[in-house]
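Notes to accompany the following structure.
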Amino acid sequence: MKIAITSTGTDIKSLLEKKFGRAEFFIIADTESNEYKVIDNKAAMEAGGAGIQAGQTIINESAIALITGNVGPNALRVLTSGDVAIYRGQSVSIEENITLYKKGELQQINTAGEAHFGMK
Amino acid sequence: MKIAVLSGKGGTGKTTISASLAYSLRNSQYVDCDVEEPNGNIFLKASLTEREVVTVLNPVVNDDLCTGCGACQQACQFNAIVVINKKVMIFDNICHSCGACKIACPTGAISEVPREIGVIESNSSNTFMQGKLNLNEPLTVPVILQLKRKMNKHGNVIIDSAPGASCTVVSTIEDSDYCVLVTEPTPFGLHDLKIAIDLVKQLKLPFGVVINKAMDSDKSIQSFCKKENIDVLMELPYSKEIAQNYSKGILPVQYSKHYKDEFIKLLATIKERII
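Chains as they are written, first to last, in the working numbering: chain A, 1 to 120; chain B, 1001 to 1275.
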């Protein structure tokens, strides 16, 4: 099963990115094969609606879960309707966050954080 | 003549200057375009009896006609539409009401419905108008454009702009005859004045600077304006008396003959610059 993690860098040793809509990279990892790929978040530089676009990207990648720091109200609406479960990642590497996810140790997010969190 | 008052930095005294100008200019119309927090009426005290709602058009989808093809999403330049599992999701407060989605839809499933985002209030003689954006609405421009449609086409209009130099300010000032840039002698005041000057220069609008809270110990604005050959139209001093009256909703021109004369002089100077 595929999960998406917001990342500050291009490999699984990189630190988790706390922004969602304006994260620079998404890492799409397969939890069974442990393979992963990196995609650029094209929404990062959008003038508006970054979370909405980024949400669409995650759904297009068929991820069933997203690990990130914070999602705004619009992104939450998109991700929820695409049946993507959202988890609050920790300030450790992508690899460690995947391990925590597999162990069920990440907290699920059901409410939106502040809008424009990633603009600050 | 249409005089727009802007500043770059907030809190420099746009409202003090614009309301004082309107108060000093007989038969003028004051238009508060700072629609996120209009405050000119604290001083001008107009009785706001007239009310007109501002609406924008947002798309709605007829699910019976929609095939979930995603053409609307591709047409949208503002990321206001996503199509997930063939179901269209619209984000009204990001929508810029351009209508592209309706044109792009191959099955005619999209129609547009009006949505209230703010209000325009005025007095019965229409010498005072203000726009008010509803809470949680991000788009100021539709309110400003409606204000400008209702603005007096002839005669004297004083326009109070929002701070900053964004599209809100551009739409407020773009067809004015003259811009008054209000600043204060602080590093932030000077920094944002430069941005405001860039803006009015790009829009090719004639402009001059008013220094509010002017003081002898800081002449940074005067030296900058001298170096750049920019008109300093007036200086309003840093004064406890002005601040005390302001806090009671009284403008300098309302309690002092001296300041009233200063603003009449300022209006004369602006008139000279326009011709």
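Ideal Cβ placement from N, Cα and C applies to all residues, glycine included. The model shown is predicted, which means the values in this text are computed figures rather than measured ones.
Within-7 Å CB hit, residue i to chain A
| i | result |
| --- | --- |
| residue 1141 (chain B) | no |
| residue 1078 (chain B) | yes |
| residue 1084 (chain B) | yes |
Cutoff 7 Å: residue i Cβ touching any chain B Cβ
| i | result |
| --- | --- |
| residue 64 (chain A) | no |
| residue 82 (chain A) | yes |
| residue 48 (chain A) | yes |
| residue 58 (chain A) | no |
| residue 78 (chain A) | yes |
| residue 52 (chain A) | yes |
| residue 70 (chain A) | no |
| residue 34 (chain A) | no |
| residue 74 (chain A) | yes |
Beta-carbon proximity list for residue i, same chain, < 6 Å, skipping 5 on both sides
| i | result |
| --- | --- |
| residue 38 (chain A) | 10, 25 and 27 |
| residue 1237 (chain B) | 1214 |
| residue 146 (chain A) | Residue 146 (chain A) is absent from the structure shown; chain A starts at 1 and stops at 120. |
| residue 1010 (chain B) | 1163 |
| residue 1175 (chain B) | none |
| residue 50 (chain A) | 21, 22 and 43 |
| residue 941 (chain B) | Limits of chain B in this structure are 1001 at one end and 1275 at the other, which puts residue 941 (chain B) out of reach. |
| residue 13 (chain A) | 93 |
Cβ-based burial, residue i [other Cβ within 10 Å; buried from 16]
| i | result |
| --- | --- |
| residue 1160 (chain B) | buried |
| residue 1129 (chain B) | buried |
| residue 1054 (chain B) | buried |
| residue 1221 (chain B) | buried |
| residue 1067 (chain B) | exposed |
| residue 45 (chain A) | exposed |
| residue 1167 (chain B) | exposed |
| residue 1013 (chain B) | buried |
| residue 1106 (chain B) | exposed |
| residue 1265 (chain B) | exposed |
| residue 1103 (chain B) | exposed |
| residue 1204 (chain B) | exposed |
| residue 1155 (chain B) | exposed |
| residue 1274 (chain B) | exposed |
| residue 1248 (chain B) | exposed |
| residue 1148 (chain B) | buried |
| residue 1113 (chain B) | exposed |
| residue 1073 (chain B) | buried |
| residue 1006 (chain B) | buried |
| residue 1085 (chain B) | exposed |
| residue 1139 (chain B) | buried |
| residue 1187 (chain B) | exposed |
| residue 1002 (chain B) | buried |
| residue 1173 (chain B) | buried |
| residue 1016 (chain B) | buried |
Cut-off 8 Å between Cβ atoms - residues of its own chain near residue i, not counting five sequence neighbours on either side
| i | result |
| --- | --- |
| residue 31 (chain A) | 1, 2, 3, 98, 101 and 102 |
| residue 1132 (chain B) | 1035, 1038, 1118, 1119, 1120, 1121 and 1143 |
| residue 1190 (chain B) | 1183, 1220, 1221 and 1224 |
| residue 1041 (chain B) | 1032, 1048, 1128 and 1130 |
Same chain, Cβ closer than 7 Å to residue i, neighbours up to 5 away in sequence not counted
| i | result |
| --- | --- |
| residue 1269 (chain B) | 1233 |
| residue 1108 (chain B) | 1065 |
| residue 1078 (chain B) | 1094, 1095 and 1096 |
| residue 1141 (chain B) | 1167, 1168 and 1171 |
| residue 113 (chain A) | 70, 71 and 72 |
| residue 1145 (chain B) | 1171 |
| residue 1263 (chain B) | 1020, 1021, 1024 and 1253 |
| residue 52 (chain A) | 74, 75 and 78 |
| residue 1051 (chain B) | 1119 and 1121 |
Those residues which DSSP pairs with residue i across a bridge
| i | result |
| --- | --- |
| residue 1128 (chain B) | B:1030 |
| residue 1339 (chain B) | Shown here, chain B extends from 1001 to 1275; a query on residue 1339 (chain B) therefore has no answer. |
| residue 1259 (chain B) | None, per the DSSP bridge assignment. |
| residue 87 (chain A) | A:67 and A:108 |
| residue 1179 (chain B) | B:1004 and B:1207 |
| residue 1059 (chain B) | B:1112 |
| residue 38 (chain A) | A:27 |
| residue 1051 (chain B) | B:1121 |
| residue 1166 (chain B) | Looking at the DSSP assignment, residue 1166 (chain B) forms no beta bridge with any residue, so it has no partner. |
| residue 2 (chain A) | A:30 |
| residue 1237 (chain B) | B:1214 |
| residue 1160 (chain B) | B:1005 and B:1032 |
Beta carbon proximity, residue i to chain C, threshold 7 Å
| i | result |
| --- | --- |
| residue 39 (chain A) | Absent from the structure is chain C; the protein chains it does hold are A and B. |
Interface positions of the region 1090 to 1114 of chain B facing chain A (Cβ-Cβ less than 7 Å), listed along the chain: Answer in chain order: 1091 and 1094.
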